[in-house]
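For reference, the structure discussed in these notes is given below.
Protein chains: 2
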Amino acid sequence: MDSKQLDLVFAALADPTRRALLARLSEGDNCVAVLAEPFAMSQPAISKHLKVLENAGLISRHSAGTSRFSHLEAEPLREATEYMEKYKRFWGAKFDKLDAALAAYQEENTDD
Amino acid sequence: MDSKQLDLVFAALADPTRRALLARLSEGDNCVAVLAEPFAMSQPAISKHLKVLENAGLISRHSAGTSRFSHLEAEPLREATEYMEKYKRFWGAKFDKLDAALAAYQEENTDD
DNA sequence: CGCTTACAGAACCGATTGGTTATGAATGGA
DNA sequence: TCCATTCATAACCAATCGGTTCTGTAAGCG
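Same order as they appear, the protein sequences are chains W and D.
Residue 293 in the working numbering sits at position 88 of the first sequence, with consecutive numbering throughout.
Residue 236 in the working numbering sits at position 31 of the second sequence, with consecutive numbering throughout.
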């Protein structure tokens with residue numbers, strides 16, 4: 206996953222409405238009107254959020270009649286998680302220098 | 206980790222300069238001037254980015270003489286990773302409904 | 001004391017974001 | 001055919017973002 210894509214994924218996740226949409230989609234595909242229901246927000250606002258998620262690769266969409274269904278695509282989430290796990294060796298309150306060195310050595314060294 | 210804090214962490218991670226700063230800090234604490242070196246950007250711009258990282262809890266800072274050193278704080282990264290792992294059951298190309306149901310059952314159910 | 005270095009803060013700027021309302025296009029149904 | 005439903009797009013707006021330059025402040029040093 207390149208840097209630009211990470212920009213989009215993290216930016217998409219930085220909004221609580223979009224995270225809630227993803228959470229909802231984890232329970233199953235759904236159409237715009239139904240997805241919009243829980244929010245005190247207009248339909249075009251939700252459509253915009255869905256487009257942001259789509260651009261980040263976090264959802265795909267397909268039409269059925271007059272409805273468009275959104276489908277969760279988790280792969281970018283996996284890759285973003287993988288990115289963050291580069292920092293796993295700093296987790297946990299205590300680790301001595303040997304631990305850190307070993308952990309660092311074991312890791313694939315990716316930049317960015 | 207509450208929703209507001211997730212906003213800040215993901216928003217902080219959504220910028221490539223800030224991700225690069227974190228990567229640099231994973232090699233050790235450093236002061237502003239040195240951190241700024243690799244970037245074609247003014248010192249105040251870097252100071253702003255560091256403040257964003259600090260507000261997200263991703264770094265802490267301490268002064269030493271005229272310098273201020275930034276220190277990586279990985280805990281919010283761990284928590285954000287934890288958040289994303291809610292979607293772990295959707296990773297991997299194949300999984301049948303039983304797998305999904307089991308994975309869902311095993312999971313703590315956090316909202317947002 | 002006076003100079004330099006390291007950094008933060010303020011003021012400013014253009015671009016982007018997150019929302020709105022209004023409109024239009026495509027589908028399905030009477 | 002005509003109408004209703006679903007949704008996207010356009011135009012607009014205020015607020016935020018990411019950068020700039022200029023200035024101020026605090027610490028170290030001659």
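All C-beta atoms, glycine included, are put in the ideal place defined by N, C-alpha and C.
Cα separation between residue i and residue j?
i	j	result
LYS253(D)	ALA217(D)	11 Å
SER275(D)	ASP207(D)	24 Å
ASP220(W)	GLU232(W)	19 Å
PRO249(W)	ARG266(D)	42 Å
GLN210(W)	GLU280(W)	12 Å
ASN260(W)	GLY270(W)	23 Å
ARG229(D)	LEU240(D)	8 Å
LEU227(D)	ASP212(D)	17 Å
MET246(D)	ASP234(W)	44 Å
GLU290(W)	GLU290(D)	11 Å
Against chain W, does residue i count as a neighbour if the rule is that its beta carbon must be under 7 Å from one of theirs?
i	result
SER275(D)	no
PHE295(D)	yes
ARG283(D)	yes
SER208(D)	yes
Between residue i and chain D, is the shortest Cβ-Cβ distance under 7 Å, so that the two count as touching?
i	result
LEU240(W)	no
ASP212(W)	yes
ALA269(W)	no
PRO221(W)	yes
GLU226(W)	It is Leu, not Glu, that sits at residue 226(W) in the sequence shown. Not one chain D Cβ lies under 7 Å of LEU226(W).
PRO215(W)	The displayed chain sequence assigns Phe, not Pro, to residue 215(W). Taking Cβ atoms only, chain D reaches closer than 7 Å to PHE215(W), which makes this a yes.
PRO279(W)	The residue you asked about is not Pro; residue 279(W) is Ala in the sequence shown. It does: the Cβ of ALA279(W) has a partner Cβ on chain D nearer than 7 Å.
MET289(W)	yes
LEU218(W)	yes
THR315(W)	Unreliable positioning characterises THR315(W) in this predicted model, as indicated by a pLDDT of 44, which lies under 50. A coordinate reading is not provided.
I'd like the list of long-range same chain contacts for residue i, defined as Cβ closer than 6 Å, with 5 residues on each side in sequence excluded.
i	result
ALA225(D)	none
ALA285(D)	VAL214
Going by beta-carbon coordinates alone, are residue i and residue j separated by less than 7 Å?
i	j	result
LEU282(W)	TYR288(D)	no
GLU278(D)	ILE264(D)	yes
SER268(D)	CYS236(D)	no
For residue i, which residues of its own chain have a beta-carbon under 7 Å away from its beta-carbon, when the five flanking residues on both sides are left out?
i	result
ARG223(W)	ALA217, HIS254, VAL257, LEU258
ILE251(W)	VAL237, LEU240, ALA241, PHE244
ASN314(D)	At ASN314(D) the pLDDT is 46, less than 50, meaning the model places this residue with poor confidence; the figure from the coordinates comes in the next sentence. Closer than 7 Å at Cβ, skipping near neighbours: no residue.
Quick one: residues in its chain with C-beta nearer than 8 Å to the C-beta of residue i, no 5 flanking neighbours on either side, listed in chain order?
i	result
ALA238(D)	GLN248, SER272
TRP296(D)	none
GLY262(D)	GLN210, LEU213, VAL214, GLU278, GLU280, PRO281
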